[in-house]
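For the sequence shown, my numbering gives the first residue as 22, with consecutive numbering after it.
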Amino acid sequence: QGKGGYYGRGAYFAENAAYSNGSFAFSRDGQRQLLLARVLCGKARDFGQQLHRMLCKPPPGYNSVTGGPHKARACSPSRIWVVYDRAQVYPAYIVSYITLPRDTKVSIFCGDAMFQAVALRHSPARLELPLRQKTLHFAF
């Protein structure tokens, strides 16, 4: 759990994966990893752009907090959600990936389907797949 983030000490989750890629993704040997989690937010208190760094639990009558869009360091802005109870989080997948130089063409195979994407910036290409797919094979 974080210490003194935008909304105090809690577990932070971003709506936009590029937000996490910019500053918070684990990286080793050029490969990056993000945790894709199912989060039970319940009734969320929306703080918008306001920061409340001293929170250690949600306000009375709420189960979590949300706010944003926020931008941290060199990452894309995103709305974020914060929960203060570990029981509200189910880590579903670890997503491993690499970032690609601009205009790199990539073919992604998922089961019998093939998807093609082009990296438009030095960031991961946006590709949405159903969560039931567990294995992706990348061809460069």
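Cβ coordinates follow ideal geometry from the N, Cα and C atoms, glycine included.
Buried or exposed for Val139, please, with buried defined as at least 16 other CB atoms from any protein chain shown within 10 angstroms of its CB.
-> Locating residue 139 in the sequence shown gives position 118, where the first residue counts as 1. With a pLDDT of 49 at Val139, under the threshold of 50, the modelled position of this residue cannot be trusted; read the value that follows with caution. Exposed: under 16 other Cβ atoms inside 10 Å.
Between Thr87 and the rest of its own chain, which residues show a CB-CB distance below 8 Å, the 5 nearest in sequence each way excluded?
-> Here residue 87 is taken as the residue at index 66 of the sequence shown, counted from 1. For Thr87, where only same-chain residues beyond five positions count, the Cβ hits under 8 Å are Cys62, Ala65, Arg66, Asp67, Phe68, Arg100, Ile101, Trp102, Val103.
Reducing DSSP to helix, strand and coil, say where Ala35 ends up.
-> For the purposes of this step, residue 35 is identified with residue 14 of the sequence shown, where counting begins at 1. Ala35: strand per DSSP, three-state reduction.
Rounded distance between the beta-carbons of Gly89 and Pro81, thought under 8 Å | To locate residue 81, count along the sequence shown from 1; it is residue 60. To locate residue 89, count along the sequence shown from 1; it is residue 68. The Cβ separation is near 22 Å, so there is no contact.
Rounded to the nearest angstrom, how far is the Cβ of Ser41 from that of Leu55, given a contact under 8 Å?
-> As a first step, residue 41 must be located in the sequence shown, where it is residue number 20. As a first step, residue 55 must be located in the sequence shown, where it is residue number 34. About 5 Å separates the two Cβ atoms, so the contact holds.
Which residues in the same chain as Leu72 place their Cβ atom closer than 6 Å to its Cβ, once the five residues preceding and following it in sequence are excluded?
-> Position 51 of the sequence shown, counting from 1, holds the residue named residue 72. Here the set comprises Tyr27.
First and last residue of the uninterrupted beta strand (DSSP E) at Phe47 | In the sequence shown, counting from the first residue as 1, residue 47 sits at position 26. Start and end: 47-49.
Reference Lys92, options Ser48, Asp106, Ala39, closest by Cα = Taking the first residue of the sequence shown as position 1, residue 92 is located at position 71. Of the candidates Ser48, Asp106, Ala39, the one whose C-alpha sits nearest the C-alpha of Lys92 is Ala39.
Pull up the CB-CB distance for Tyr105 and Lys78, whole angstroms please, since I reckon it's below 8 Å.
-> Within the sequence shown, residue 105 is the residue found at index 84, counting from 1. Within the sequence shown, residue 78 is the residue found at index 57, counting from 1. That pair is a contact at about 5 Å.
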